[in-house]
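Peer 1:
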Amino acid sequence: MSPRAMSPVLVGRSAELAELADALAAAPGAVLLGGDAGLGKTRLIREFTTAVDGERARVLTGGCLELGSDGLPFAPFTTVLRNLVRDIGIDGVAGLVPRGDTGCLARLLPEFGEPESDAASGEERARLFEVMLTLLERLAERGPVVLVIEDAHWADRSTRDLLAFLIRNLGTVPVLIVVTYRSDELHRTHPLRALLAGLERVERVRRLTIEPLTRADVADLVIELLGDRQPPPAGLVDRIAARSEGNPLFIEALLDDDGTLACELPESLRDLLLAGVQRLPEETQDVLRDASGGSTSIEHALLAAVTGLEDAALTRVLRPAVAANVLVVDGDGYAFRHALIREAVHDDLLPGEYTRLHKRYAEALEDDPGLVPAGRLWVELSYHWNAAHDSTWALVASWRAAAEARKALAYAECLAMLSRVLELWDQVPDAEERIGANHIKVLHDAATAADQAGEYDRGIKLVTAALREVETAAENVAENGALADPARWAVLLELRGRMRYQMARPGFVEDMRAAVEALPADPPTALRARALATLGNYVRLTTSIGEARKAAAESLAIARRLADPVTEAEALITQFCADIDYDNDAALAEVEETVERSGNHRVLLRYYVIKSHFLEGCGRHEKAAAIAGRGKELAREYGVARTQGTFMSINQAEPLVSLGRWDEAMAVLNHAMEQDPAVTTRTSLLVLSGWVALARGDVATAAKRLVLSREIMNLKMKWLKTQDYFATLWLESQIALAEGRADAALDAVRPVVDHAGLPDDARYAWPALVVGASACAELGDAAAADLRRIAERAADLRITGPLQRAHSLTFRAEHARACGVLDLAAWDEAAAAWDALCGPYHQARALYRAAEAAAAGGDHDGAADRLRAAAELADRLGAAPLGELIADLLRRTRSRRPDDTAPLGLTPREYEVLRLVAEGRSNRDIAEALFISVKTASVHVSNILGKLDVTSRGEAAATAHRLALFTREPVARG
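Under this note's numbering, residues 507 to 1480 are what the sequence shown spells out, in order.
#1: Please state whether DSSP places Val902 in a helix, a strand or coil.
#2: The alpha helix (DSSP H) that contains Ile683, what's its start and end?
#3: Quick check on the DSSP output: what are the complete alpha helix (DSSP H) runs of length 4 or more inside the region 578-636, in order along the chain?
#4: Taking 9 Å as the cut-off, decide whether the C-beta atoms of Val1097 and Leu1078 are in contact.
#5: Asp1266: buried (16+ other C-beta within 10 angstroms of its C-beta) or exposed?
#6: Counting along the chain, where does the beta strand (DSSP E) carrying Thr802 start and finish?
#7: By DSSP, does Ile1064 sit in helix, in strand, or in coil?
#8: Taking Asp744 as the reference, which of Asp726, Leu1436, Arg721 and Val517 has the closest Cα?
#9: List the whole-angstrom C-beta distance separating Thr686 from Ile551, where the pair is believed to meet the contact cut-off of C-beta under 8 Å.
#10: Out of Ala797, Gly1125 and Glu1238, which one is the CA nearest neighbour of Ala850?
#11: Can you tell me the Cα-Cα spacing of Arg592 and Leu571, whole angstroms?
#12: Could you check the C-alpha separation between Gly1125 and Glu629 for me, to the nearest Å?
#13: So Val654 is in the beta strand (DSSP E); what residue range does that whole segment cover?
#14: Should Leu526 be labelled buried (16 or more other beta-carbon atoms within 10 Å of its own) or exposed?
#15: Indicate whether Val969 and Leu1001 have their beta-carbon atoms separated by less than 9 Å.
#16: Please report how far the alpha carbon of Asp667 lies from the alpha carbon of Ala1377, in whole angstroms.
#17: Quick check: what's the CA-CA separation for Arg453 versus Pro738?
#18: Are at least three pairs of beta-carbons, each pair with one atom in the region 641-650 and one in the region 898-906, less than 8 Å apart?
#19: Please classify Gln1158 as buried or exposed, where buried requires at least 16 other C-beta atoms within 10 Å of its C-beta.
#20: Taking the alpha helix (DSSP H) that Glu1089 belongs to, which residues open and close that run?
#21: Going by beta carbon distance, what residues of the same chain come within less than 7 Å of Leu614, once the five residues before and after it are set aside?
#22: From Gly601 to Phe635, what does the alpha carbon distance come to, in whole angstroms?
#23: CB-CB under 6 Å to His890, same chain, minus the five flanking residues each way: which ones, in chain order?
#24: Between the Cα of Ala993 and the Cα atoms of Leu731, Leu1025, Arg1004 and Ala1251, which residue gives the shortest distance?
#25: Find the nearest neighbour of Leu1214 within the set Lys1227, Ala1065 and Leu1191, judged by alpha-carbon distance.
#26: Are the region 937-949 and the region 959-967 touching, with three or more C-beta to C-beta distances below 8 Å?
#27: May I ask you to check if the CB of Thr1100 is nearer than 8 Å to at least one heavy atom of the ligand SAH?
#28: Return the first residue and the last residue of the beta strand (DSSP E) that Arg713 is part of.
#29: Could you check whether Pro1409 and Leu1471 sit closer than 9 Å to each other, using their CB atoms as the reference points?
#30: What does the alpha-carbon distance come out to for the pair Ala1291 and Ile673?
#31: On a CA-only basis, which of Ala1385, Glu1418, Gly1123 and Leu516 is nearest Ala1244? Give me that one, please.
#32: For Glu1122, which residues in the same chain have their Cβ closer than 6 Å to its Cβ, ignoring the five residues on either side in sequence?
#33: Could you give the distance in angstroms between the alpha-carbon of Gly1263 and the alpha-carbon of Ile1051?
#34: What does DSSP give as the partner residues of Phe842 in its beta bridges?
#35: Unbroken alpha helix (DSSP H) runs of length 4 or more, entirely within the region 1324-1350: which are they?
#36: Would you mind working out which of Asp854, Arg688 and Ile1064 sits nearest Gly546, comparing C-alpha positions?
Next up, the structure:
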């Protein structure tokens, strides 16, 4: 029986190859390539990359490694970087990254030296992601780039995060990212499922699924595998097609070179996969068993150390496996042709063999750490010692692996390693001495990793356990239970409070209060100052503004006493936000001076957020957009454009919406939403994009945005952030009004009326109160009580800045309309205020209402002038619904020219009302037709009944018909 290599021809995959080629031509973009194990994903990718590599694109390939349940942090990207360094050198890579600074890449590849900082913060991780993206984009400026990430079903959390970041942020250069995964591995809770679902919604991402081969394809593959021999025996293709179910891997395993089945039809998949191994020499099988204990790829030197064979002997023993296509040469080592074969061989080990094998791996790595690439040593030792059931060394290795993962900014993998330390702790009596840290320290580190990885629920449980142990230790040491280490207690409480805040869970303010109480006021410490600043920042989200001011003031005093400009700046920002006054530029100037003196870019970016927020709240829209844009540029310079820069997008989009530059605003909002922003950021993005959609007439999209925003607000009802809560209710009320549901609009506004005293109350309450008054105008007398409460709420608001004054003028005019008065002067004043602020949409609406008032007063020329100005604004904005209202009113205004005299002692207005009564119109219809309130229409009808000496509308209509008051004169024919 002669060995057979993999078929040189790819069969049945022409459509998939064409799809990949099309994706490359349309790059930038991504392809998510899925399929069951053995269907030929790797073979397809090899065919594609071979065809395009060199002339049509540069191909970068990295694979995710299976190592028990532990993924290796950023494994495929480490491989990509290593191969790129081999290709263009360290200097070549340095030339592709900002300022030639490859320091952060050292976290992935030691060839770049030591990391530029020992810090393991979210900001450092964001910078790493930015540098990787920039590297790909600048490489693609020289020519198209194909980045292939294989076996993503084994990807660690950090790899998944970076992959999602790259796909979501591809710019305009030709980069194609291809991700392969086993679809049959994706059980319901597999973490890759959620990622794939999210990425599918990103523009320029396509999903490609490999299906089993057809009967005709199976026949073609069988013929290719048999070579130049005669056609396969009758019935062979049918039997193989039935048994393999179109899986190329199984077809190759079932078919022998002589045109017969290689073995009796196996009873299980495992038997099928092992059949090719069992035909090899026994000594080769032994080495394959040893190789199965490593990951998907194993270095030659490591396998030699584990087997104890010399190089020449190992090469001789492995040659039959390579010839039989069970193993393939992979760089300086080997890989099983298919991971399923490795899994089958490994699973076939007896328990004793399994334990001894992994112990040999661990001992080999302990003896010579250079047997694996740098960065893999401790995670591999953790895996092997754990598999060998050696709890002591598994614990030690896991602790070291956690430190390496933290250094590489792989927080989820750091958490996994620390979780293993905690699991093994009770099995190792001298665990604390072994790793030089006590159980509380491990819990604290694990909780911190959970916080950085976004695993807040897990982190809260870990830090709560640490707090319990600190409390127990205090009770055991001191009779009064006094804390031996109040600083640690405070740090743990602050950590839990921060995670509770991120999850919108109650208790975060209480945690921060307890943290501050645990820290003595004397002597003053930076830790207490920071805790106070955080407390002030959090508590200002509630109605306890006084507490926020007090905390910020104390934090500021401590910071100044300690000459700590960073904490001083943070305290000033918190103080500024706690009681923002849009007429007071001086307070902002003080913050700016302190921020610049701090020299801290994180604080500087926070300052750009509040400055752009302040300017927009003042109505200085152009300046606000420019400052937010500059903040985004700084975020890009600091390598955090897709994190802190995304938050800045809200403050850039909001003034663009105000200015009527809606296309620009939507581009900013859509890009920000593609970054999968945090829940604390997403609401504003949804509300702004929903309102623009509504103003353009797309009610369905606006409603979808509202649903998503409401879902977020349901999480955050325990602490109501004004700009999220009131803005969501405002959008809800606007949609209800657009759909003709004035009662529902009023329902949405009521919580704004009920929740006075929240931070920045007036800025976000005014727009909602205006809509509430509009709803009351539609509902008439039925909404009198609500209108009274809305007016009382408005009267209590403190107006600061021209923007709030414009809203208050609009409210005054709208309130008058709800009371049955069309106040022309009030609407003209509101329109002028919006014109001064360059707010075209609100100006157009005010002009529309002013035109109603002018028409109702008989000034049809004045009404038409206002309507033409409003129509021009609405048309420029693309505000179709408002434009239709304006056009309709303009038509009706031109058609209404009542005579100066009327019969039966009626006034011209009463004569018009009688005509409509004769047509069977209700008071509401009359009010709408004549631009008057329902109450005024009712008064006119009562006057008519008295003058005609009748008792009902029906009698009045009959009188009009009897007297032929509204009969048209016949048209003369020529």
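Each residue gets a CB set at the ideal place from its N, CA and C atoms; glycine is no exception.
Peer 2: In this structure, then:
#1: Within the sequence shown, residue 902 is the residue found at index 396, counting from 1. DSSP places Val902 in helix when its eight states are reduced to three.
#2: The count along the sequence shown starts at 1 and reaches residue 683 at position 177. Segment Val681 to Arg688 is the beta strand (DSSP E) holding Ile683; no alpha helix (DSSP H) there.
#3: At a cut-off of 4 residues, the continuous stretches assigned as alpha helix (DSSP H) that sit fully inside the region 578-636 are 581-600.
#4: In the sequence shown, the residue the question calls residue 1097 occupies position 591. In the sequence shown, the residue the question calls residue 1078 occupies position 572. One thing to note: Val1097 has its Cβ within 9 Å of the Cβ of Leu1078.
#5: In the sequence shown, residue 1266 corresponds to position 760, counting from 1. Buried, since its Cβ has 16 or more Cβ neighbours within 10 Å.
#6: The sequence position of residue 802 within the sequence shown is 296, counting from 1. Where Thr802 is concerned, there is no enclosing beta strand (DSSP E), given that its DSSP letter is neither H nor E.
#7: Looking up residue 1064 in the sequence shown gives position 558. Residue state, collapsed to three classes: helix.
#8: Stepping through the sequence shown from its first residue, residue 744 is reached at position 238. Ranking Asp726, Leu1436, Arg721 and Val517 by Cα distance to Asp744 puts Arg721 first.
#9: The sequence position of residue 686 within the sequence shown is 180, counting from 1. The sequence position of residue 551 within the sequence shown is 45, counting from 1. Between Ile551 and Thr686 the Cβ distance is about 6 Å, and since that is below 8 Å, they are a contact.
#10: Here residue 850 is taken as the residue at index 344 of the sequence shown, counted from 1. The shortest Cα separation from Ala850 among Ala797, Gly1125 and Glu1238 belongs to Ala797.
#11: Taking the first residue of the sequence shown as 1, we reach residue 592 at position 86. Taking the first residue of the sequence shown as 1, we reach residue 571 at position 65. Counting only the Cα atoms, Leu571 lies some 21 Å from Arg592.
#12: Translated into the one-based positions of the sequence shown, residue 1125 becomes position 619. Translated into the one-based positions of the sequence shown, residue 629 becomes position 123. A direct Cα-to-Cα measurement between Gly1125 and Glu629 gives close to 32 Å.
#13: As a first step, residue 654 must be located in the sequence shown, where it is residue number 148. Membership of Val654 in the beta strand (DSSP E) is indicated by the continuous run Val651 to Glu656.
#14: Numbered from 1 along the sequence shown, position 20 holds the residue referred to as residue 526. Buried: at least 16 other Cβ atoms inside 10 Å.
#15: Position 463 of the sequence shown holds residue 969. Position 495 of the sequence shown holds residue 1001. Yes, the Cβ-Cβ distance between Val969 and Leu1001 is below 9 Å.
#16: In the sequence shown, residue 667 corresponds to position 161, counting from 1. In the sequence shown, residue 1377 corresponds to position 871, counting from 1. Distance between the alpha carbons of Asp667 and Ala1377 is about 48 Å.
#17: This structure cannot settle anything about residue 453, because the visible part of the chain is limited to 507 through 1480.
#18: The region 641-650 and the region 898-906 do not touch, with fewer than 3 CB-CB distances between them shorter than 8 Å.
#19: Along the sequence shown, read from residue 1 onward, the residue named residue 1158 stands at position 652. Sixteen is the threshold: when 16 or more other Cβ atoms of the shown chains lie within 10 Å of the Cβ of Gln1158, as they do, the residue is buried.
#20: Locating residue 1089 in the sequence shown gives position 583, where the first residue counts as 1. Checking the displayed sequence, the identity of residue 1089 turns out to be Asp instead of Glu. Unbroken run through Asp1089: none, as it is neither H nor E.
#21: Residue numbering aside, residue 614 sits at position 108 when the sequence shown is read from its first letter. The residues Phe580, Phe583, Thr584, Leu587 and Ala914, in chain order, have a CB closer than 7 Å to that of Leu614 in the same chain once the five nearest residues on each side in sequence are set aside.
#22: Start at 1 with the first residue of the sequence shown, and residue 601 comes out as number 95. Start at 1 with the first residue of the sequence shown, and residue 635 comes out as number 129. When rounded, the distance between both Cα atoms is 17 Å.
#23: Looking up residue 890 in the sequence shown gives position 384. Counting only Cβ-Cβ distances below 6 Å, and skipping sequence neighbours, we find His864, Tyr867 and Ala868.
#24: Counted from its first residue, the sequence shown places residue 993 at position 487. Closest option to Ala993, judged by alpha-carbon separation, among Leu731, Leu1025, Arg1004 and Ala1251: Leu1025.
#25: Here residue 1214 is taken as the residue at index 708 of the sequence shown, counted from 1. The shortest Cα separation from Leu1214 among Lys1227, Ala1065 and Leu1191 belongs to Leu1191.
#26: At 8 Å Cβ cutoff, the stretches do not touch.
#27: What this structure holds is no ligand at all, so the ligand SAH is not there to describe.
#28: Sequence index remark: in the sequence shown, residue 713 carries index 207 (1-based). Judged by DSSP secondary structure, Arg713 falls within the beta strand (DSSP E) whose first and last residues are Val711 to Thr715.
#29: As a first step, residue 1471 must be located in the sequence shown, where it is residue number 965. As a first step, residue 1409 must be located in the sequence shown, where it is residue number 903. Judged by their CB atoms, Leu1471 and Pro1409 are nearer to each other than the 9 Å cut-off.
#30: Counting from 1 along the sequence shown, the entry for residue 1291 is found at position 785. Counting from 1 along the sequence shown, the entry for residue 673 is found at position 167. So the alpha carbons of these two residues sit roughly 53 Å apart.
#31: Counting from 1 along the sequence shown, the entry for residue 1244 is found at position 738. The candidate whose alpha carbon is nearest that of Ala1244 is Ala1385.
#32: Translated into the one-based positions of the sequence shown, residue 1122 becomes position 616. For Glu1122, where only same-chain residues beyond five positions count, the Cβ hits under 6 Å are Ala1130, Glu1160 and Pro1161.
#33: Locating residue 1263 in the sequence shown gives position 757, where the first residue counts as 1. Locating residue 1051 in the sequence shown gives position 545, where the first residue counts as 1. Roughly 8 Å separates the two Cα atoms.
#34: Here residue 842 refers to the residue found at position 336 when the sequence shown is read from its first residue. Looking at the DSSP output, Phe842 bridges to Leu833.
#35: Contiguous alpha helix (DSSP H) elements confined to the region 1324-1350 occur at 1330-1342, taking only those with 4 or more residues.
#36: Residue numbering aside, residue 546 sits at position 40 when the sequence shown is read from its first letter. Selected option, being the one with the closest Cα: Arg688.
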